[in-house]
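**Student:** Can you keep this structure in mind? I'll have questions shortly.
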Amino acid sequence: PYDRPRTTMASFPMCPDCAAEYANPLDRRFHAQPIACPVCGPRVRLEAAGAEILWDDAAVAMARARIAAGEVIAVKGLGGFHLACDATSAPAVRRLRERKHREEKPFALMAADLETIARHAVLTEAARELLTAPERPVLLLGRAPSTAHGAQARAGTSAGAAPRGIDAAVAPGRNRLGFMLPYTPLHHLLLEQAPGYPEVLVMTSGNLSDEPIAYEEEDARRRLGGIADAYLLHDRPIHMRCDDGVAAEFRGRIYSFRRSRGIAPLPVRLPFPSPPLLAVGGELKNVFCLCRDDRAFLSHHIGDLDYLETLRSFTSGIEHFERLFRIRPQAVVHDLHPDYQCTRFALERAGREGIPAVGVQHHHAHAAACMADHGFPEDARVIGVSFDGTGYGTDGAIWGGEFLIATYRDFERALHLGYVPLPGGDAAIRRPYRTALSWLRAAGLPWAGDLAPVSAAAENELAVLDAQLAQGLNAPPTSSMGRLFDAVAALAGLAPRISYEGQAACELEAAAEVSERGAYPFAVGAETIDAAPMLRALVEDLRRGTALGVLSARFHNGAAAMVVEACRRLRRTTGVDCVALSGG
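Spelled out as structure tokens, the structure:
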């Protein structure tokens with residue numbers, strides 16, 4: 069499959085020198101399929117409105133000059149376009165945020181080498197190894213102590229000048245930065261250090277917020293025209309879009325948050341054989357999967373299927389994978405949620421092709437995925453702890469705080485976070501103060517004016533919410549742990565409104581004081597877990613003026629202690645002694 073005529077190098081015939089090296093068994097470039105040189109290889113060019121097209125070295129030099137001047141450059145990469153700007157320039161970062169409609173979600177960063185990253189972030193040995201590995205993911209790293217609050221870095225650069233700190237608006241409200249190293253020659257040329265040139269660039273996906281990454285030049289010009297000041301292009305086509313992967317290191321172990329470039333579509337080995345299957349994934353942060361024999365081929369990151377462009381990427385990706393792996397599905401597997409775009413796709417395709425459509429409960433899928441990820445045998449039985457924001461339950465409610473006794477084939481819902489109404493449904497997800505008000509009412513706590521969620525709501529809105537909750541109007545019940553995180557964040561004065569999914573929980577985590585050992589109590593019952601004791605203790609601490617970091621840590625510690633207590637209880641009643649922690 070990796071012969072040159074079958075790749076995007078097919079349109080670049082080798083010059084005599086390259087052809088001679090390619091054909092010589094004694095040469096290190098013998099049968100090197102992507103061999104190329106300045107004579108016969110891809111060429112780079114810079115395009116900007118009203119300016120002459122520049123080629124080769126002049127194109128790169130002008131792109132660097134524009135970045136240094138604070139402009140935003142669309143850069144054609146390996147799996148799609150990036151948007152690049154000076155990460156140390158507040159005006160440049162602000163300009164990119166405004167144009168991209170990405171109000172607060174963090175940007176990925178790229179630096180030339182590990183030494184540069186170490187001036188801005190904490191690097192462990194495991195982190196160094198992953199950053200320099202062939203996958204080159206975006207790795208989430210704790211901020212260096214000197215830059216923890218957006219301060220200037222103090223170490224000198226190789227040029228002898230003190231580097232400028234990364235602008236705080238790159239990752240507002242977060243205590244970690246997402247760094248990657250260059251993984252194409254063009255990146256290396258852009259990051260080459262020189263006096264006065266930024267040592268760190270924002271290198272974020274080339275798209276409007278929530279759309280799929282642009283990977284074709286005409287599409288990039290159309291969709292990025294209002295964002296980029298210029299385009300740094302090359303004439304090698306990108307066959308399939310593929311975002312950057314994202315990972316984090318914790319206590320020496322690497323955890324992948326987004327399996328994408330460099331990893332997808334490497335298979336996950338299954339502990340049992342599978343017939344040819346297509347699993348269409350979830351609605352948010354979609355990834356689909358094709359299975360055959362003992363292999364599960366997971367796709368690259370697709371994105372949120374609410375958007376037409378993402379849905380097109382999803383369908384074209386499935387067609388590509390089926391050709392690539394020569395898999396003809398005998399069944400289509402989907403989430404139970406009837407209104408998901410992926411569910412509709414699965415049911416329509418199954419009906420069209422006359423094959424079974426198999427619905428799987430969302431949180432059972434989380435538990436089973438965790439089991440497969442660790443190679444658990446086919447007959448394994450676990451306590452599946454599945455926490456996330458939203459998942460369609462078998463009773464029609466919104467689940468998300470689940471303790472399941474699970475096998476690969478089935479599950480029993482053993483415990484869950486107690487239901488509370490979600491006033492306004494999706495509107496409450498975008499406005500965590502609404503969720504907080506619902507939790508306050510469930511805990512028997514009055515909506516007092518000194519509480520942040522109460523002051524965040526307009527007076528007439530409070531009356532509407534009060535009626536909604538009292539009468540259950542457009543207020544579906546949820547057991548979601550994600551929504552509880554939102555509520556606690558809003559009570560603590562963080563993110564009363566959010567601009568990206570998970571923002572409130574991320575900011576709450578970033579605020580936690582890691583040395584704090586106190587924990588708020590949860591009440592673990594026979595079937596449900598009650599968060600009311602935790603909320604009462606939190607409100608008492610708020611009124612004492614307890615620091616935000618302590619509040620956050622006590623909530624996280626309490627949630628962890630609750631998980632341990634619930635799992636111990638289930639071990640005693642079921643005999644199952646292995647826990648699979650998973651979810652969103």
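Quick note: the sequence shown uses our numbering, first residue 69, plus one each step.
We put the beta carbon where it would ideally sit given N, CA and C, even for glycine.
(1) Taking only three categories from DSSP, how would you classify Arg96?
(2) Closest by CA to Thr75, which one among Leu338, Asp85, Cys83, Ile103?
(3) What first and last residue would you give for the alpha helix (DSSP H) that runs through Thr378?
(4) When the Cα of Tyr588 is compared with those of Asn625, Ala347, Ala563, which residue comes out closest?
(5) With distance defined between alpha-carbon atoms, name the residue in Ile281, Asp494, Ala594, Glu581 nearest to Ile566.
(6) State buried or exposed for Met492, treating a residue as buried only when at least 16 other CB atoms are found within 10 Å of its CB.
(7) Is the beta carbon of Ala158 less than 8 Å from the beta carbon of Asp235?
(8) Tell whether a beta-carbon distance below 8 Å holds between Phe471 and Ile497.
(9) Helix, strand or coil for Ala87 per DSSP?
(10) Closest to Gly561 by C-alpha separation, out of Ala621, Glu575, Leu292, Gly550, would be which residue?
(11) Alpha carbon to alpha carbon, how far is Arg585 from Leu379? Give it in angstroms, no decimals.
(12) How should Leu94 be labelled, buried or exposed, when 16 other C-beta atoms within 10 angstroms of its C-beta is the threshold for buried?
(13) For a quick check, are the C-beta atoms of Ala579 and Phe590 less than 8 Å apart?
(14) Report the rounded CA-to-CA distance for His658 versus Ala510, giving the unit in angstroms.
(15) Quick one: give me the first and last residue of the beta strand (DSSP E) that Asp278 is part of.
(16) Closer than 8 Å by C-beta to Gly643: which residues in its own chain qualify, once you throw out the five before and the five after it? Chain order, please.
(17) Using 8 Å for Cβ pairs, my map puts Thr184 next to Glu267. What's the rounded Cβ distance?
(18) Closest to Ala557 by C-alpha separation, out of Arg622, Gly210, Pro601, Ala116, would be which residue?
(19) For Asp518, does the three-state DSSP call read helix, strand or coil?
(20) Below 8 Å, can you find three or more Cβ-Cβ pairs linking the stretch 592 to 611 to the stretch 472 to 487?
(21) Determine whether the beta carbon atoms of Ala364 and Ser650 lie at a separation below 8 Å.
(22) Taking the alpha helix (DSSP H) that Gly626 falls in, what are its first and last residues?
(23) Roughly how many whole angstroms lie between the Cα atoms of Leu122 and Val206?
(24) Roughly how many whole angstroms lie between the Cα atoms of Ser548 and Arg232?
(25) Please report how far the alpha carbon of Arg113 lies from the alpha carbon of Asp374, in whole angstroms.
(26) Of all the options Leu249, Ala201, Val238, which has the alpha carbon lying nearest to the alpha carbon of Ala186?
(27) Kindly indicate which three-state DSSP category Tyr251 falls into: helix, strand or coil?
(28) Rounding to the nearest angstrom, what Cα-Cα distance links Asn528 and Tyr501 in this structure?
(29) Have a look at Tyr323, Glu120, Pro174, Ser342 and flag the residue whose alpha-carbon is nearest the alpha-carbon of Tyr568.
(30) Suppose contacts are defined by Cβ-Cβ distances below 8 Å. Is Gly341 in contact with Asp312 by that definition?
(31) Kindly indicate which residue of His368, Glu260, Tyr299 has the alpha-carbon position closest to the one of Gly118.
(32) Determine the extent of the alpha helix (DSSP H) in which Met653 is found, giving its start and end residues.
(33) Check whether the Cβ atoms of Ala474 and Ala435 sit closer than 8 Å, and answer yes or no.
(34) According to DSSP, is Met178 part of a helix, a strand, or is it coil?
(35) What are the start and end residues of the beta strand (DSSP E) that includes Pro73?
(36) State the Cα-Cα distance for the pair Gly246 and Ser328, rounded to the nearest angstrom.
**Tutor:** Looking at the coordinates:
(1) Looking up residue 96 in the sequence shown gives position 28. If DSSP states are grouped into helix, strand and coil, Arg96 belongs with coil.
(2) In the sequence shown, residue 75 corresponds to position 7, counting from 1. With distances taken between Cα atoms, Thr75 lies closest to Ile103.
(3) Within the sequence shown, residue 378 is the residue found at index 310, counting from 1. Looking at the DSSP string, the run of the alpha helix (DSSP H) that includes Thr378 is 376 to 393.
(4) By one-based count along the sequence shown, residue 588 stands at place 520. Measuring from the Cα of Tyr588, the nearest candidate turns out to be Asn625.
(5) Within the sequence shown, numbered from 1, the residue matching residue 566 stands at position 498. Among Ile281, Asp494, Ala594, Glu581, the Cα nearest to that of Ile566 belongs to Asp494.
(6) Within the sequence shown, numbered from 1, the residue matching residue 492 stands at position 424. Reading the sequence as shown, one finds Gly at residue 492 and not Met. By the 10 Å Cβ count, Gly492 comes out buried.
(7) The residue labelled residue 158 in the question sits at position 90 within the sequence shown. The residue labelled residue 235 in the question sits at position 167 within the sequence shown. For Ala158 and Asp235, yes; Cβs fall inside 8 Å.
(8) Locating residue 471 in the sequence shown gives position 403, counting from the first residue. Locating residue 497 in the sequence shown gives position 429, counting from the first residue. Contact flag unset, no.
(9) The residue labelled residue 87 in the question sits at position 19 within the sequence shown. The answer is helix: DSSP assigns Ala87 an H, G or I state.
(10) For the purposes of this step, residue 561 is taken as the residue at position 493 of the sequence shown. It is Glu575 whose Cα lies nearest to the Cα of Gly561.
(11) As a first step, residue 379 is located in the sequence shown; it is residue number 311 there, counting from the start. As a first step, residue 585 is located in the sequence shown; it is residue number 517 there, counting from the start. Going from the Cα of Leu379 to the Cα of Arg585 covers about 45 Å.
(12) Residue 94 sits at position 26 when you count from the first residue of the sequence shown. Under this definition Leu94 is an exposed residue.
(13) Counted from its first residue, the sequence shown places residue 579 at position 511. Counted from its first residue, the sequence shown places residue 590 at position 522. Not closer than 8 Å, so no.
(14) As shown, the chain starts at 69 and ends at 652. That puts residue 658 outside it, with no answer to give.
(15) Taking the first residue of the sequence shown as 1, we reach residue 278 at position 210. First-last for Asp278: undefined, no H or E at that position.
(16) Looking up residue 643 in the sequence shown gives position 575. Here the set comprises nothing.
(17) Here residue 184 refers to the residue found at position 116 of the sequence shown. Here residue 267 refers to the residue found at position 199 of the sequence shown. Between Glu267 and Thr184 the Cβ distance is about 5 Å, and since that is below 8 Å, they are a contact.
(18) Locating residue 557 in the sequence shown gives position 489, counting from the first residue. Taking only the C-alpha atoms, the option nearest Ala557 is Arg622.
(19) Counting from 1 along the sequence shown, the entry for residue 518 is found at position 450. Note: Asp518 maps to coil in three-state DSSP.
(20) In this structure the stretch 592 to 611 touches the stretch 472 to 487; the number of beta carbon pairs closer than 8 Å is three or more.
(21) Here residue 364 refers to the residue found at position 296 when the sequence shown is read from its first residue. Here residue 650 refers to the residue found at position 582 when the sequence shown is read from its first residue. No, the pair does not count as a contact, with Cβ atoms beyond the cut-off.
(22) On the sequence shown, residue 626 is found 558 positions in, with the first residue counted as 1. It spans 616 to 642 - the alpha helix (DSSP H) in which Gly626 sits, taken as one unbroken run.
(23) Along the sequence shown, read from residue 1 onward, the residue named residue 122 stands at position 54. Along the sequence shown, read from residue 1 onward, the residue named residue 206 stands at position 138. CA-CA distance, Leu122 to Val206, rounds to 30 Å.
(24) Numbered from its first residue, the sequence shown carries residue 548 at position 480. Numbered from its first residue, the sequence shown carries residue 232 at position 164. If I take the Cα positions, the gap works out to 42 Å.
(25) Translated into positions along the sequence shown, residue 113 becomes position 45. Translated into positions along the sequence shown, residue 374 becomes position 306. Roughly 34 Å separates the two Cα atoms.
(26) Within the sequence shown, the letter at position 118 stands for residue 186. Ranking the options by Cα distance to Ala186, first place goes to Leu249.
(27) Here residue 251 refers to the residue found at position 183 when the sequence shown is read from its first residue. Coil, per DSSP.
(28) In the sequence shown, the residue the question calls residue 528 occupies position 460. In the sequence shown, the residue the question calls residue 501 occupies position 433. Their backbone Cα atoms lie some 15 Å apart in a straight line.
(29) In the sequence shown, counting from the first residue as 1, residue 568 sits at position 500. Out of Tyr323, Glu120, Pro174, Ser342, Pro174 has the C-alpha closest to the C-alpha of Tyr568.
(30) Walking along the sequence shown from the start, residue 341 turns up at place 273. Walking along the sequence shown from the start, residue 312 turns up at place 244. The sequence given here places Pro at residue 341; Gly does not occur at that position. Against a cut-off of 8 Å, the Cβ pair of Asp312 and Pro341 comes out as no contact.
(31) Position 50 of the sequence shown, counting from 1, holds the residue named residue 118. Of the listed residues, the one whose Cα sits closest to Gly118 is Tyr299.
(32) Given a span of 69 to 652 for the chain in the structure shown, any question on residue 653 remains unanswerable.
(33) In the sequence shown, the residue the question calls residue 474 occupies position 406. In the sequence shown, the residue the question calls residue 435 occupies position 367. Yes, the Cβ-Cβ distance between Ala474 and Ala435 is below 8 Å.
(34) Stepping through the sequence shown from its first residue, residue 178 is reached at position 110. In this structure, Met178 counts as strand in the three-state DSSP scheme.
(35) Within the sequence shown, numbered from 1, the residue matching residue 73 stands at position 5. Pro73 -> no beta strand (DSSP E), and no H or E assigned at all.
(36) Against the sequence shown, residue 246 aligns to sequence position 178. Against the sequence shown, residue 328 aligns to sequence position 260. Answer to the nearest angstrom: the Cα atoms are 15 Å apart.
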